[in-house]
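Here is the structure we will look at, set down as structure tokens.
Protein chains: 2
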Amino acid sequence: MSDSIVAVPLDKAYRLLNHGPTVLVSARYNGVDNVMAAAWCCALDFSPPKLTLVLDKIAKTRELIEKSERFVIQIPTVALAEMTYQLGSESLYQYADKLQRAGVELLAMEGEDLPFVSGCSAWLSCRLIPEPHNQQTHDLFIAEVTAAWADSRVFKQGHWQFDQADPALRSLHYVAGGHFYAIGHEVIVNDNAASID
Amino acid sequence: MSDSIVAVPLDKAYRLLNHGPTVLVSARYNGVDNVMAAAWCCALDFSPPKLTLVLDKIAKTRELIEKSERFVIQIPTVALAEMTYQLGSESLYQYADKLQRAGVELLAMEGEDLPFVSGCSAWLSCRLIPEPHNQQTHDLFIAEVTAAWADSRVFKQGHWQFDQADPALRSLHYVAGGHFYAIGHEVIVNDNAASID
């Protein structure tokens, strides 16, 4: 585990997702690890923190999550743009060595039996809240976030620090066809609220 | 209706939300219009396009949507940051003149009996798909997008053009406490896919 990775208090975990980044979803079941890219992941509640995630029925990661009921949401950086695109374009069903092909390096977090992707800016460990209707009808999965971490070079004291950090650590926001946007500059509306918050 | 507003084909509507912007939610019922800000709105399906939206029980807009089963998701710009923050901080229950206080100007779209907020970069007209369990348990609303429009100065030919447009037209991505980020620069991974797509 990198020296710059620090725990994020659970009541601040929603802030890791609030700005709408593209994420990587990883899961482990019965000795199989997989990672996929997803643009449709969204905060759902503050405390306990919950999130929604859309998983197509063709995704191997979905099968792993349905069986293990655990997964990790992590936030890839501009430096991982090619890897993120590749993880969203290929399936483990098609390539048994998908993770090696994309250059994924995994890291371990203490007490967590899940695959965490190295080089991301934040990680949320999630426990599925099974909802058969949502999963079958809408491909929609709901989960509780049980632990969170961030790279303190870009997220500290409960806030993203994109303008102060290396631009390679900015989050990615996918549109379509290999086109992402990086997150940009801060826009502060209410200095007073910011200092209180 | 501004000359620069053009219809977006429904199969491209998901792209308006894919990069995770903060949105404004507007609704109308029985002569009452309201607009609120929301960070938790996410694409759910491509065709027909659907989306999810989280609405707290304290929001007047939620009541209007539950009664009318219609609403608009629109994407505010950097130029509307203060208005967006104010629309997320005050309730119509508290201020009957909330929209005037925030400086909201409404525009009409042909054939739509809904309040559209002027100055946004895109608009999605939505029809609620009632799901009582999701609404009561998770404050989660699911809707089908029935029509979409964008400001062609910043979205055209199915793609955002943030790097070519006035920076004041960039989308907002909320974190907390009055802190937003503007969307930043394009990161293109796969030129070939981009040209096909």
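Protein sequences appear in the order of chains A and B.
Each residue of the first sequence is one higher than the one before, starting from 1 at the first, in UniProt numbering.
Each residue of the second sequence is one higher than the one before, starting from 1 at the first, in UniProt numbering.
The beta carbon of each residue, even a glycine, is placed where N, CA and C say it ideally should be.
Query                                                                                                                                                                             : Result
So Leu114 (chain A) and Ser125 (chain A) are in contact, right, with Cβ under 8 Å, and what is the actual spacing, rounded?                                                       : 6 Å
Once DSSP output is grouped into helix, strand and coil, what is the label at Ala79 (chain A)?                                                                                    : helix
Is there a Cβ of chain B sitting closer than 8 Å to that of Arg153 (chain A), yes or no?                                                                                          : no
Of the residues that make up the region 156-171 of chain B, which ones have a beta carbon closer than 8 Å to any beta carbon in chain A?                                          : Gly158, His159, Trp160, Phe162, Arg170
Three or more C-beta pairs under 8 Å: does that hold for the region 42-50 of chain A against the region 5-20 of chain A?                                                          : yes
By how many angstroms is the C-alpha of Asp97 (chain A) removed from the C-alpha of Lys60 (chain B)?                                                                              : 51 Å
What is the DSSP secondary structure of Pro132 (chain B), counted as helix, strand or coil?                                                                                       : helix
Of all the options B:Ala150, B:Ile65, B:Trp160, which has the alpha carbon lying nearest to the alpha carbon of Val8 (chain B)?                                                   : B:Ala150
Hey, quick one: how far does the alpha helix (DSSP H) through Leu16 (chain B) stretch, first residue to last?                                                                     : 14-17
What's the C-alpha gap between Val189 (chain B) and Ile58 (chain B)?                                                                                                              : 42 Å
What residues from chain A crowd round Val117 (chain B), counting only those whose CB sits closer than 7 Å?                                                                       : In chain order: nothing, as chain A lies at least about 17 Å away.
Do Ala39 (chain B) and Val25 (chain B) come within 8 Å of each other at the CB atom, strictly closer than that value?                                                             : no
On the DSSP letters alone, give me the boundaries of the beta strand (DSSP E) that Gln74 (chain A) sits inside.                                                                   : 70-74
Which residue marks the beginning of the beta strand (DSSP E) containing Lys50 (chain B), and which one marks its end?                                                            : 49-54
Can you list, in chain order, the residues of its chain with a C-beta nearer than 6 Å to that of Val6 (chain A)? Leave out the 5 residues immediately preceding and following it. : Ser152
Using a C-beta cutoff of 8 Å, does Ser15 (chain B) count as contacting chain A?                                                                                                   : The sequence shown places Arg at residue 15 (chain B), not Ser. Closer than 8 Å: yes.
So what does DSSP say about Asp113 (chain B), is it helix, strand or coil?                                                                                                        : coil
Please state whether DSSP places Glu90 (chain A) in a helix, a strand or coil.                                                                                                    : coil
Under a Cβ-count criterion, where at least 16 other Cβ atoms within 10 Å of its own Cβ denotes burial, should Ile196 (chain A) be classed as buried or exposed?                   : Unreliable placement is indicated for Ile196 (chain A), whose pLDDT of 36 sits below 50; the coordinate value is still reported in the next sentence. It counts as exposed.
So, is the C-beta of Cys42 (chain B) closer than 8 Å to a C-beta in chain A?                                                                                                      : yes
Note down the Cα distance separating Ser171 (chain A) from Thr52 (chain B), rounded to an integer number of angstroms.                                                            : 22 Å
Among A:Asn34, A:Tyr85, A:Thr84, whose alpha-carbon lies nearest the alpha-carbon of Ile65 (chain A)?                                                                             : A:Asn34
List, in order along the chain, the chain A residues whose C-beta lies closer than 8 Å to that of Val25 (chain B)?                                                                : Within chain A, no residue comes near Val25 (chain B); the closest Cβ sits about 14 Å away, beyond 8 Å.
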